[in-house]
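Novice:
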Amino acid sequence: MSSKSKSYEYTLLSPEQGEEGSIKHRNKSRWLSRALRGALYLVIGSSLLLNVFQLMLWLPHKRADVLGDQSVTAYAQLSWNTPGKFEHNGIYDNENSTVTEEAWDSLRYDLGSIALADEYVNSVGLPKAQRFPWDYSKGLYFLNGYHGIHCLKILRLTLKELFEGKNTTTFHQGHSNHCLEALLQDTLCFADDTPRYTAEMHPGRPGDGQQRVCRDWKKLEAFAQTHTSCWRDINPNESIDTLLRYRYCPPGSPYLERIHKIFGDFETGPNANKDN
Ligand SMILES: *[C@@H]1O[C@H](CO)[C@@H](O)[C@H](O)[C@H]1NC(C)=O
Ligand SMILES: *[C@@H]1O[C@H](CO)[C@@H](O)[C@H](O)[C@H]1NC(C)=O
Ligand SMILES: *[C@@H]1O[C@H](CO)[C@@H](O)[C@H](O)[C@H]1NC(C)=O
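Residues are numbered in the working numbering as their position in the sequence shown, beginning at 1, plus a constant of 327.
1. Cutting at 8 Å between CB atoms, please list the residues of its own chain near Asp568, excluding the five before and the five after it.
2. Is Ala430 helix, strand or coil by DSSP?
3. Going by beta carbon distance, what residues of the same chain come within less than 7 Å of Asp592, once the five residues before and after it are set aside?
4. To the nearest angstrom, report how far apart Ala518 and Glu446 are at their CA atoms.
5. Beta-carbon separation of Cys557 and Tyr582 under 9 Å?
6. Please report the distance separating the alpha-carbon of Tyr436 from that of Gly466.
7. What do you reckon, are the CB atoms on Gly310 and Trp407 nearer than 9 Å?
8. Go ahead and label Pro460 buried or exposed: buried means 16 or more other beta carbons lie within 10 angstroms of its beta carbon, across all protein chains shown.
9. For a test of the three-state rule: what should DSSP assign to Asp437, helix, strand or coil?
10. Based on the DSSP secondary-structure assignment, which residues constitute the bridge partners of Pro577?
11. Look at the alpha carbon of His415 and the alpha carbon of Pro577, and state the distance between them as a whole number of angstroms.
12. If distances are taken between C-alpha atoms only, which option among Gly534, Val399, Leu515 comes closest to Ser524?
13. When you compare only the Cα positions, how much space is there between Glu565 and Thr514?
14. Could you please give the first and the last residue of the uninterrupted alpha helix (DSSP H) stretch that includes Thr553?
15. Within the present structure, is the beta-carbon of Thr521 separated from the nearest heavy atom of ligand 2 by less than 8 Å?
16. To which residues does DSSP link Arg585 through a beta bridge?
17. Below 8 Å on the Cβ atoms is my contact criterion, and I expect Gly439 with His477 to pass it. Report the Cβ-Cβ distance as a whole number of Å.
18. Can you name, in chain order, every residue of its own chain whose Cβ lies under 6 Å from the Cβ of Ala430, other than the five neighbours on each side?
19. Let me know if Ala442 comes out buried or exposed under the rule of 16 or more other beta-carbons within 10 Å of its beta-carbon.
Here it is as structure tokens:
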């Protein structure tokens, strides 16, 4: 980007207007010259201010050029604009195991299930999906970011159960294998080129505390909420009537009346399941 301040032409005062004129003339021309100089300073000053302002607008973009890319995703309109950090022993691997458990428990992937109108789907070139039960002009999709969270939760639970010496796991091995494959594909697809710095103190913790640039998860969440399919993964390791999982529409949803006609009243709190 270049500074596009207008150029202003000015001409020097002629000698007649200066040295050789009468005192009166000289005073007048001095006044004129001062006025012109003042105007010039004003123009230069405003131009400088404008340049500084443009630079301020431009700098964050320049930073994004280096650390990420400025393009916007096709669906939730996300870009690489959110500061983040490589972190060890954050809330998801905390020395206080209560903190760790609470952090993982509060991660929800239900929101990842969304219903998108066919019209929108066609306009962005997504494949057509199975029907959303409460509106057949919409298809069901699962946001990949939330799929990743779902996978991480399953892998974590399975590892935990195995470390505890349990002889059965809540989710069978096939689920873990699928999740490992999916997360690997994400890693390869993402091809993250951020160099993690290494420190002598912690050679096994490259990048510890280092700044990085992220996309805005909250914005993805807002997109998910806007398009919610009312899905809740109740009885997650069981095959139940699928419709039971699409009952959990938020207050004000146009589908709630029909849902309550079919299912009556049911539990919508954290302990909701197929039987309550
Ligand atoms: C661990 O975290 C929990 C929840 O924040 C807190 O109540 C508890 O006091 C912490 N325990 C220790 C040993 O710091
Ligand atoms: C699995 O563990 C449970 C207790 O956690 C035990 O009752 C059961 O016999 C074990 N099953 C096998 C096949 O080892
Ligand atoms: C699902 O997981 C729960 C909790 O681990 C367990 O009690 C139940 O038997 C599991 N159901 C199936 C069908 O595996």
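For each residue, glycine too, the CB sits at the ideal point set by N, CA and C.
Specialist: In brief:
1. Lys601
2. helix
3. none
4. 32 Å
5. yes
6. 18 Å
7. Only positions 328 to 603 of the chain appear in the structure, and residue 310 is not among them; the question remains open.
8. buried
9. helix
10. Bridge partners of Pro577: none, in fact.
11. 36 Å
12. Going by the sequence as given, residue 524 is Tyr instead of Ser. Per the Cα distances, Gly534.
13. 29 Å
14. 544-553
15. no
16. In the DSSP output, where bridge partners are listed per residue, Arg585 has none listed.
17. 7 Å
18. Ile418, Tyr419
19. buried
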